[in-house]
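There are 2 protein chains.
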Amino acid sequence: MKYSASKENYIKAIFHLQQELEQVSTNSLAEALETAPASVTDMLKKLKAQQLLQYERYRGVRLTASGKKLAIQIIRKHRLWELFLVEKLQFGWEEVHDIAEELEHISSSKLVDRLDEFLGFPKADPHGDPIPDMQGRIPALRQSTVSEMPESGFGRVSGIGDQSPAMLALLRHNHIALGAHLQVRKRFEADRSVEIKLAGHPAVNISEHVAKNIRVTYENNPQ
Amino acid sequence: MKYSASKENYIKAIFHLQQELEQVSTNSLAEALETAPASVTDMLKKLKAQQLLQYERYRGVRLTASGKKLAIQIIRKHRLWELFLVEKLQFGWEEVHDIAEELEHISSSKLVDRLDEFLGFPKADPHGDPIPDMQGRIPALRQSTVSEMPESGFGRVSGIGDQSPAMLALLRHNHIALGAHLQVRKRFEADRSVEIKLAGHPAVNISEHVAKNIRVTYENNPQ
DNA sequence: ATAAAAATTTAGACAAATCTAAAAAAATGG
DNA sequence: CCATTTTTTTAGATTTGTCTAAATTTTTAT
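If you read the sequences in order, they're chains A and B.
For the first sequence, numbering that gives the first Met the number 0 assigns the number 0 to the initial residue and increments by one for each residue that follows.
For the second sequence, numbering that gives the first Met the number 0 assigns the number 0 to the initial residue and increments by one for each residue that follows.
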């Protein structure tokens, strides 16, 4: 079934809001979508008629199984396109969101799956958010810091705690940037420093202080 | 300025129809867009108000300079996306048109230009049609056969004349497929056979008969 | 418990893009 | 050259997604 970009945006917004609260209110949706509450009410009726959500007036809204499935498909597309833009077309991680908002509504599912393959079935987008797979499974990712990663674990830089010029200079020197992939090579108990490796550069040692400042996203299913 | 997908489709259709006839009629547009003539009239008024075309009632339509510019931008996007789908995502050349119809309406011009760069500033799409460059210049391409290409000229296979099983077997054996890039290495006057080279394979010799059956698109500006 | 505040829905309108049916203009062919 | 056919436009509706203003329901706080 095909849905308009507008409907897809509603479904996606409801899905995201549902992460926090089980029940999603009309007003919170209106705010998220930057639209009038009355417009939301109208749309909810249409989406209910299409069985994408449960809705009783004044009672808030909740996605059905097929609504959730649709939401995950859209999120999958969005995140794969973001990664494509950053990884293949050299966009900065901050500039890709708006473009991906448009690309996520391209309908061909064969296109998404081929894109997934082209990117090597990635687990996270450039912001560190998990990418659902073809079956809609969302990989469990852990958001923490380099100081908590296991030895030989792979991760992606998702944020920096202390953004002082001194810290940024150190990070830049070691090619540690938002979105960078890194591997923890060795942990040293003596001073809790960590040796990390970034693609294309020799391994470097970073102090516990620095390791605690580098937020990373990594897969949480090592078996 | 941003235009709806619908408006962009009108502009593109007018541009294509204008290649044949200077003046484009309401009915021919309606047929091309599979829409009612009355809808075309309505839209033409809107597009005229936006200075994209000249239009007097009952007099047909003609793109202005800015209308032409927009049309070329859209065609550029369409053809770059088609090439991307075939070259990077392994789609067949026959399946890409509909997907590119959607992708061509993604607005970011930075995206198109990055895509162009990513693909190596190609001159033609998988169907052999020329891709306009960033400035809107359309490369002059010649549609002919391998038997007419100059020595050391590069081209892309755009079609096959005799599609008998025997011919197709020969072509497949030599990795000659629609969309393939090839170079004419040497022409032999003795039997008018031609030595051609495809990427990733050793050069092969093909008879005049076969060379006349391979339709190619190649740049016509050797200088 | 109930009055005020907040949230939500209804009612009525509008813009974009489309349609059908009818009217008007242009083209054509004895 | 003028009657018929063809093309094009106008008129009036429809659908989708949106809006504002007013009405209604729920929540909250005294």
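Ideal placement from N, C-alpha and C gives every residue a C-beta, glycine not left out.
This structure is a prediction, so every number in the text was calculated from the model and none was measured.
8 angstroms Cβ shell around residue i - same chain, five flanking residues per side excluded
| i | result |
| --- | --- |
| serine 252 of chain A | For chain A, the structure presents residues 0 to 222; residue 252 of chain A sits outside this window and is missing. |
| lysine 44 of chain A | Tyr54 |
| glycine 135 of chain B | Lys68, Ile71, Gln72 and Arg75 |
| glutamate 7 of chain A | Leu69, Ile73, Glu103 and His104 |
| glutamine 222 of chain A | Unreliable positioning characterises glutamine 222 of chain A in this predicted model, as indicated by a pLDDT of 33, which lies under 50. A coordinate reading is not provided. |
8 angstroms contact criterion, which residue i and residue j should meet: CB distance rounded
| i | j | result |
| --- | --- | --- |
| alanine 70 of chain B | phenylalanine 14 of chain B | 3 angstroms |
| valine 193 of chain B | valine 145 of chain B | 6 angstroms |
| glutamine 22 of chain B | glycine 59 of chain B | 4 angstroms |
| asparagine 196 of chain A | alanine 202 of chain A | First, the amino acid is wrong: residue 196 of chain A is lysine here, not asparagine. Indeed, because the Cβ distance is near 4 angstroms, the residues count as touching under 8 angstroms. |
| valine 215 of chain B | serine 163 of chain B | Not really, about 19 angstroms apart at Cβ, beyond 8 angstroms. |
| leucine 228 of chain A | alanine 35 of chain A | Past the edges of chain A, shown from 0 to 222, lies residue 228 of chain A, and the structure says nothing about it. |
| histidine 200 of chain A | histidine 174 of chain A | 5 angstroms |
| lysine 122 of chain A | glutamate 218 of chain A | 6 angstroms |
| serine 108 of chain A | glutamate 101 of chain B | Wrong, their Cβ atoms sit about 13 angstroms apart, outside the cutoff. |
| tyrosine 9 of chain A | methionine 42 of chain A | 6 angstroms |
Outcome for residue i when other beta-carbon atoms lying within 10 angstroms are tallied against a minimum of 16
| i | result |
| --- | --- |
| arginine 56 of chain B | exposed |
| methionine 0 of chain B | exposed |
| histidine 104 of chain B | buried |
| arginine 191 of chain A | exposed |
| histidine 77 of chain A | buried |
| phenylalanine 83 of chain A | buried |
| asparagine 26 of chain A | exposed |
| glutamate 33 of chain A | exposed |
| glycine 154 of chain B | buried |
| alanine 4 of chain B | exposed |
| proline 129 of chain B | buried |
| methionine 148 of chain A | buried |
| alanine 198 of chain B | exposed |
| alanine 12 of chain B | buried |
| leucine 114 of chain A | buried |
| phenylalanine 120 of chain B | exposed |
| aspartate 161 of chain B | exposed |
| leucine 62 of chain A | buried |
| leucine 52 of chain B | buried |
| leucine 20 of chain B | exposed |
Contacting residues, own chain, Cβ-Cβ under 7 angstroms from residue i (five flanking each side not counted)
| i | result |
| --- | --- |
| glutamate 86 of chain B | Leu118 |
| tryptophan 92 of chain B | Val85, Pro125, His126, Leu177 and Gly178 |
| proline 131 of chain A | Ile71, Ile74, Arg75 and Ile137 |
| valine 111 of chain A | Arg75, Lys76 and Leu79 |
| valine 95 of chain A | Glu81, Leu84, Val85 and Pro125 |
| glutamine 50 of chain A | Thr63 and Ser65 |
Bridge-paired residues (DSSP) for residue i
| i | result |
| --- | --- |
| valine 156 of chain A | A/Val215 |
| arginine 61 of chain A | A/Gln53 |
| isoleucine 205 of chain A | A/Val193 |
| proline 125 of chain B | DSSP output for proline 125 of chain B lists no bridge partner at all. |
| histidine 180 of chain A | A/Arg155 |
| leucine 140 of chain B | B/Glu218 |
| phenylalanine 187 of chain B | B/Ser192 |
| valine 23 of chain B | B/Val60 |
Same chain, Cβ closer than 6 angstroms to residue i, neighbours up to 5 away in sequence not counted
| i | result |
| --- | --- |
| phenylalanine 187 of chain A | none |
| lysine 211 of chain A | Thr144 and Ser146 |
| valine 39 of chain A | Thr25, Leu28 and Ala29 |
| alanine 99 of chain A | His77, Trp80 and Glu81 |
| lysine 47 of chain A | Tyr54 |
| glycine 158 of chain A | Arg214 |
| asparagine 204 of chain B | Ser192 and Glu194 |
Using 8 angstroms as the Cβ pair cut-off and three pairs as the minimum, do the segment 133 to 143 of chain B and the segment 159 to 177 of chain B touch?
no
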